[in-house]
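Novice: There's a structure below that I have some questions on.
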Amino acid sequence: MKTRTAARAGQYAALLAYLVFLAFPLLWLLSVAFKSPQELGSLHPTWIPRHPTLANFRQAFDEQPLLRAGLNSLLAALGAALIAVLLATPMAYVAGRRRTALSRAVTGWVVVSQAFPFVLLIIPLFLVLKNLRLIDSLPGLVMVYAVWALPFALWMLVGYVRAVPVELEEAAAVDGAGRLRTLMSVTAPLLAPGIVATGLFAFVTAWNEFFFALVLLKTPQKQTLPVVLTHFIGAEGVADLGPLAAAAFLATLPSLAVFALVQRRITGGMLTGAVKS
Amino acid sequence: MALVTDVASTGRPAAVRVTDRGAWLLVLPALIPILVLSVGPLLYGILLAFTDAQSGRTAATRWIGGLNFRDLLHDTLFWESFRIGLVWAAGVTVPQFLLALGLALLLNQDLRLRWLARALAIVPWAMPEVVVGIMWRLVYNPDAGILNETLHGLGLGDGRDWLSGLATALPAVIVVGVWAGMPQTTVALLAGLQNTPRELHEAAAVDGAGAWRRFRTVTWPALRPIALAVTALNLIWNFNSFALVYVLTNGGPGGKTRLPMLFAYEEAFRYGQFGYAAAMGCVMVAVIAVLLAVFLAGRLRGGEDA
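For the protein sequence lines, the chains are A and B, in the order given. Once you know that position 45 of the first sequence is 44 in numbering that gives the first Met the number 0, the rest is easy, because the numbers rise by one and skip nothing. Once you know that position 208 of the second sequence is 207 in numbering that gives the first Met the number 0, the rest is easy, because the numbers rise by one and skip nothing.
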């Protein structure tokens with residue numbers, strides 16, 4: 000009995016250590032975001048701001064075009080998510096229903112696309128987009144994001160398609176429903192939550208993306224949030240800490256909200272894909 | 000084709016049978032963009048590695064064979080960056096896995112505050128990498144950072160400028176990499192744990208097997224496939240990682256944290272050496288492929304012995 004209590008205590012101590020490790024940078028970001036410049040300059044910083052202020056948020060919006068960048072990020076992420084889901088769903092349906100070379104190719108492509116360093120992809124993409132005059136343009140970035148999100152979207156959707164029992168479709172067919180009718184009134188409603196989860200995951204991925212945006216967008220007015228955030232850090236690495244923290248905090252909120260919404264479904268979808276492949 | 004006849008012979012209703020032409024119509028919308036914007040550029044990128052392509056040049060790009068690779072062979076800066084990349088990838092992936100495994104095992108127990116740990120473990124996953132980098136810059140900040148203040152409070156000296164110190168920069172950056180990548184690994188391992196048969200666990204406990212023994216004989220065999228896949232993916236992701244270190248140190252101080260991706264990015268988009276940077280990309284892919292093959296082959300063989 001005694002060893003059991005000791006083991007429990009050890010487990011709680013370990014859990015506490017994890018909690019501290021995971022939480023302290025987040026709390027510090029919040030702490031800095033709400034501190035006044037005077038307090039940030041003080042010799043011994045404290046965890047809880049002595050005089051909490053929103054001045055950093057105001058200053059952040061004054062220093063960088065955050066609203067514009069947020070709108071750009073939103074457009075890019077929404078566009079990429081919609082296109083990726085629209086393109087991936089039909090293919091995922093075929094790959095999920097017929098275990099052919101196609102579904103193996105999809106799995107293979109997911110793995111290969113993960114292994115390639117982005118440099119090898121971005122240089123030719125840069126040249127191609129330049130010829131199409133899509134460099135430094137949001138539509139160009141949306142295109143890149145959509146295709147970049149495709150492998151994972153396919154992977155998740157194939158899992159969701161397989162989770163819809165084929166017997167339901169068969170039953171509908173026996174009842175005399177045509178193929179289109181079966182797809183629309185039987186398959187689509189059952190697949191909808193999975194499609195939404197996939198879309199939201201693509202949204203978060205695109206919202207957070209940095210490298211492609213850094214290379215493809217040059218005009219400050221067109222840049223997305225992650226790129227604009229790096230402008231708070233000066234050339235010598237010196238940064239105005241308060242506004243930097245405030246802006247970083249704000250930029251996280253949308254993806255955090257979306258992610259909280261779909262987290263369970265995403266991990267579920269990833270694993271069905273992983274286990275059944 | 001064979002599958003269609005298979006399905007037909009089992010007598011399934013026509014509605015589920017997607018005809019070949021129908022299937023192609025459904026596949027093409029995704030296939031064309033993948034071929035044009037993903038497969039095509041990759042092949043193009045590999046070809047570029049054998050040319051002298053540069054940004055903003057008017058003269059035609061020439062085919063130069065393996066010259067880029069020969070130059071690369073003698074580029075000590077690149078190999079130094081490559082070495083740093085390997086140290087970084089291994090230094091992040093291994094602790095990431097061990098810490099995630101520990102957390103997943105804890106979360107699989109009936110502990111209080113488990114919900115909080117679960118919620119917290121998701122946050123780094125959802126955060127933009129740039130924000131993770133910014134956040135840790137605030138933690139490491141020599142004057143206003145909490146790390147130095149905490150060390151000072153504990154009487155462990157006055158701390159230092161972690162991200163600019165030649166000796167501390169790489170370890171400091173690796174800690175951030177572990178923090179940022181732990182959640183995905185934890186979630187995947189936790190899901191794997193929940194798939195292990197509980198009855199086996201109980202049977203082993205009844206037979207008097209200790210915790211370690213139960214882990215080795217019951218939990219680990221069930222967890223292995225997921226652990227392998229996750230570690231392999233983490234290794235690739237970490238080796239190719241960019242944004243985190245770009246924000247934290249931009250490769251400094253003195254190139255001590257210049258990962259291969261940062262090196263290739265600068266080569267391509269600061270100096271405009273597209274061909275040379277593409278050659279770097281090719282070398283990176285090749286090394287990753289070899290490492291993975293060795294890793295997976297070793298692990299699979301190890302599994303057969305056990």
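C-beta: ideal position from N, C-alpha, C; glycine also.
1) For G90 (chain B), which residues of its own chain have a beta-carbon under 6 Å away from its beta-carbon, when the five flanking residues on both sides are left out?
2) Between S35 (chain A) and D142 (chain B), what straight-line distance do the alpha-carbon atoms span, to the nearest angstrom?
3) When the distance is taken between beta carbons, is T197 (chain A) closer than 7 Å to V118 (chain A)?
4) Can you list the alpha helix (DSSP H) stretches of 4 or more residues lying completely in the region 216-263 of chain B, in chain order?
5) Thinking C-alpha only, which one of B:T60, B:F96, B:W114, B:T230 is nearest L14 (chain A)?
6) Going by Cα to Cα distance, which pick from B:V130, B:I121, B:L137, B:L234 is closest to V284 (chain B)?
7) Within the 7 Å Cβ cut-off, does L18 (chain A) reach chain B?
8) Tell me the DSSP secondary structure of A283 (chain A) in three-state form.
9) Tell me the DSSP secondary structure of W62 (chain B) in three-state form.
10) Buried or exposed: R61 (chain B), going by 16 or more other Cβ atoms within 10 Å of its Cβ?
11) May I ask you to list the residues that DSSP assigns as paired with T99 (chain A)?
12) Helix, strand or coil for I287 (chain B) per DSSP?
13) Over the uninterrupted alpha helix (DSSP H) stretch that includes N207 (chain A), give me the two end residues.
14) Roughly how many angstroms lie between the CA atoms of G251 (chain B) and R269 (chain B), to the nearest whole one?
15) Within 8 Å, do at least three Cβ pairs link the region 114-133 of chain B to the region 217-232 of chain B?
16) CB F273 (chain B) to CB Q53 (chain B), shorter than 7 Å?
17) Would S254 (chain A) pass as a contact of W206 (chain A) if the rule is Cβ separation under 7 Å?
18) Which class does I232 (chain A) belong to by DSSP, given the choice of helix, strand or coil?
19) Kindly indicate which three-state DSSP category T88 (chain A) falls into: helix, strand or coil?
20) Spell out whether any CB of chain B is found under 7 Å from the CB atom of V146 (chain A).
21) Rounded to a whole number of angstroms, what is the C-alpha to C-alpha distance between L199 (chain B) and V217 (chain B)?
22) My output table needs one value for P50 (chain B): the three-state DSSP class, helix, strand or coil.
23) So, does the CB of N207 (chain A) fall closer than 7 Å to a CB anywhere in chain B?
24) For W219 (chain B), would you say it is in contact with chain A, using Cβ-to-Cβ distances shorter than 7 Å as the test?
25) Which chain B residues are close to S102 (chain A), counting only those with a beta carbon under 9 Å from its beta carbon?
26) Grouping DSSP H, G and I as helix and E and B as strand, with all else coil, what is D174 (chain A)?
27) Roughly how many angstroms separate the alpha carbons of A246 (chain A) and P116 (chain A), rounded to a whole number?
28) Expressed to the nearest angstrom, what Euclidean distance is found between the alpha-carbon atoms of V186 (chain B) and V244 (chain B)?
29) Going by other Cβ atoms of all chains shown within 10 Å of its Cβ, with 16 needed for buried, is L76 (chain B) buried or exposed?
30) Considering just the uninterrupted stretch of the alpha helix (DSSP H) at H200 (chain B), what are its terminal residues?
31) Here's a check: name, in chain order, each residue in its chain whose Cβ is nearer than 7 Å to the Cβ of L124 (chain A), leaving out the five neighbours to either side.
32) Go to G139 (chain A), then tell me how far its alpha helix (DSSP H) extends in each direction, as first and last residue.
33) Identify the contact partners of P40 (chain B) in chain A, using a Cβ-Cβ distance below 7 Å as the criterion.
34) Any beta carbon from chain B within less than 7 Å of P219 (chain A)'s own beta carbon?
35) Thinking C-beta only, is Y159 (chain A) closer than 7 Å to L182 (chain A)?
36) Would you say Q113 (chain A) faces chain B, with C-beta separation under 7 Å as the test?
Specialist: From the atom records:
1) I173
2) 15 Å
3) no
4) You should have 219-238, 242-247.
5) B:W114
6) B:L234
7) yes
8) Shown here, chain A extends from 0 to 276; a query on residue 283 (chain A) therefore has no answer.
9) strand
10) exposed
11) In the DSSP output, where bridge partners are listed per residue, T99 (chain A) has none listed.
12) helix
13) 187-207
14) 16 Å
15) no
16) Taking a C-beta distance under 7 Å as the contact criterion, F273 (chain B) and Q53 (chain B) qualify as a contact pair.
17) Less than 7 Å divides the Cβ of S254 (chain A) from the Cβ of W206 (chain A).
18) The answer is strand: DSSP assigns I232 (chain A) an E or B state.
19) helix
20) Yes, contact with chain B.
21) 7 Å
22) Note that residue 50 (chain B) is Thr in the sequence shown here, rather than Pro. In this structure, T50 (chain B) counts as strand in the three-state DSSP scheme.
23) yes
24) By this cut-off, W219 (chain B) is not an interface position.
25) The premise fails here: S102 (chain A) is roughly 11 Å from chain B at the closest Cβ pair, so nothing lies under 9 Å.
26) Collapsing the DSSP output to three states places D174 (chain A) in coil.
27) Those two C-alpha atoms are separated by around 29 Å.
28) If I take the Cα positions, the gap works out to 24 Å.
29) exposed
30) 197-205
31) Cβ contact annotation for L124 (chain A) (same chain, cutoff 7 Å, sequence separation greater than five): V143, in chain order.
32) Bounds of the alpha helix (DSSP H) holding G139 (chain A) are 137-162.
33) L120, P123, L124, V127
34) no
35) no
36) Using a CB distance cut-off of 7 Å, Q113 (chain A) counts as an interface residue toward chain B.
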